[in-house]
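Under the numbering used here, residues 34 to 292 are what the sequence shown spells out, in order. The structure appears below as structure tokens.
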Amino acid sequence: MNKNEHEKLFIRFFDYVNGFREPDGHFCKLLEEKLKHIKGVTADALFIAKNENWSEEECLIAELCGLYHDIGRFSQYKEFKTFSDSKSVNHGQRGFDVINDNKLFDGIAESDSKILLDAVHYHNGLELPKDLAEESKRFTNLTRDADKLDIFYMLTEAIKTNTLDNHKDLLWNLPIGEANPVIVEKLMNNTQALYSDIKSGTDVCLIQLCWLYGINYRSTFIKLKQTQTLELISLIMPQTPEIKACLEHINIFVNNCIY
Ligand SMILES: [Fe+2]
Numbered sequence: 034m035n036k037n038e039h040e041k042l043f044i045r046f047f048d049y050v051n052g053f054r055e056p057d058g059h060f061c062k063l064l065e066e067k068l069k070h071i072k073g074v075t076a077d078a079l080f081i082a083k084n085e086n087w088s089e090e091e092c093l094i095a096e097l098c099g100l101y102h103d104i105g106r107f108s109q110y111k112e113f114k115t116f117s118d119s120k121s122v123n124h125g126q127r128g129f130d131v132i133n134d135n136k137l138f139d140g141i142a143e144s145d146s147k148i149l150l151d152a153v154h155y156h157n158g159l160e161l162p163k164d165l166a167e168e169s170k171r172f173t174n175l176t177r178d179a180d181k182l183d184i185f186y187m188l189t190e191a192i193k194t195n196t197l198d199n200h201k202d203l204l205w206n207l208p209i210g211e212a213n214p215v216i217v218e219k220l221m222n223n224t225q226a227l228y229s230d231i232k233s234g235t236d237v238c239l240i241q242l243c244w245l246y247g248i249n250y251r252s253t254f255i256k257l258k259q260t261q262t263l264e265l266i267s268l269i270m271p272q273t274p275e276i277k278a279c280l281e282h283i284n285i286f287v288n289n290c291i292y
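Here's what the structure looks like:
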């Protein structure tokens, strides 16, 4: 991957995405927000790669992983009018197909194109395929970290600017409410919780905190610390002994991953 190829792939991405604009030239609100998320993940992917001291070429590929990771969202939304994979298609698989069908990576070295395709394909899976090539694994894990960083960023920005009411989808349109003890137990046992156990906005926050057990790079924890993610999320959670214990537990975990 060189800078020319990197630029070419940026142009091809936006050429493809521009095809989803409304007749008046704008994107509909949900696609506009998705594009904002994509730009955030692109910047976060580059941040992680740089802070992990990856080579210049690896940083170029990492940035493209962020840019392309959700390319499947556009045709998913056009076809099904939803971002819910369970009600439509797996958007990682859809992104993989879109890139191939539109020949977006034509002319790019096969080794680079494979890394990018794997990162797009597997960025949203519960687990990575066991036989995923080592090189692909590094970039897919980085993409997964960057994706989570931007989701935390959107939530904490809404908390900081007191605009959560305008972004109710960030908490799955649920009121803050009480914590589900099943999710609390998972968090205290350093394991991932199930989305099907979410019953309140508090549960959404707790489940996102459980994601931290699946973070792959130290730089991701550093960014979460810099942006005061835990402190900001704790502001909207009920101040019960269980929640305080969860926050204390996760704070210790994050500190252990950094220092
Ligand atoms: Fe995604």
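Ideal Cβ positions, reconstructed from N, Cα and C, are used throughout, including at glycine.
Find out if the Cβ-Cβ distance for the pair K170, L182 is shorter than 8 angstroms. no
Which runs of the alpha helix (DSSP H), 4 residues or longer, sit entirely within the stretch 193-239?
214-221
Assuming S267 is part of the alpha helix (DSSP H), what are its boundary residues? 262-269
CA-CA distance, L64 and H282? 36 angstroms
Residues around ligand 1, please: the ones whose beta-carbon is closer than 5 angstroms to some heavy atom of it, in chain order. D103, N157
Going along the chain, which residues of its own chain have a beta-carbon closer than 6 angstroms to the beta-carbon of F46, five neighbours each way excluded? L100
Margin query: Quick check: the Cα distance between S144 and N199, rounded to an integer number of angstroms?
Written below: 43 angstroms
### Message
For C325, which residues in the same chain have their Cβ closer than 6 angstroms to its Cβ, ignoring the five residues on either side in sequence?
### Response
Given that the chain is displayed from residue 34 to residue 292, the structure contains no residue 325 and the question cannot be resolved.
* Backbone CA spacing between N213 and D236 [nearest angstrom] -> 6 angstroms
- Does the pairing of the stretch 88-96 with the stretch 56-74 give three or more beta-carbon distances under 8 angstroms? no
- Task: Under 8 angstroms by Cβ, that's how I've got A179 and A78 pegged, so tell me the actual separation to the nearest angstrom.
- Result: 4 angstroms
query = From C92, L263, D118, pick the residue whose C-alpha is nearest to that of D103; which is it?
reply = D118
Problem - Contact between the stretch 51-59 and the stretch 146-163 (3+ Cβ pairs under 8 angstroms) - result: no
Close beta carbons around L165, own chain, < 8 angstroms, minus the five adjacent residues each side: D151, Y155, T173
| Between the beta-carbon of S229 and the beta-carbon of I209, is there less than 8 angstroms? | no
- Task: Identify the continuous alpha helix (DSSP H) that holds C98 and give its terminal residues.
- Result: 89-101
_Cα-Cα separation between L137 and F43, rounded to whole angstroms_ = 10 angstroms
CA-to-CA distance, Y186 to L268, given in whole angstroms
15 angstroms
Close-in-space but distant-in-sequence residues of the same chain around F286 (CB under 8 angstroms, 5 per side omitted): N223, L245, Y246
Review point. If you draw a straight line from the alpha carbon of V153 to that of P271, how long is it in whole angstroms?
Key: 36 angstroms
Handout entry: Close Cβ partners of F113 (< 6 angstroms) along its chain, the five nearest in sequence each way excluded
Key = S121
Quick one: is G58 buried, meaning 16 or more other Cβ sit within 10 Å of its Cβ, or exposed? exposed
query = Thinking C-alpha only, which one of L257, E38, Q225, D202 is nearest I81?
reply = L257
Which same chain residues end up closer than 7 angstroms to L97 when comparing Cβ atoms and leaving out the 5 residues on each side of it in sequence? H39, L42, L149
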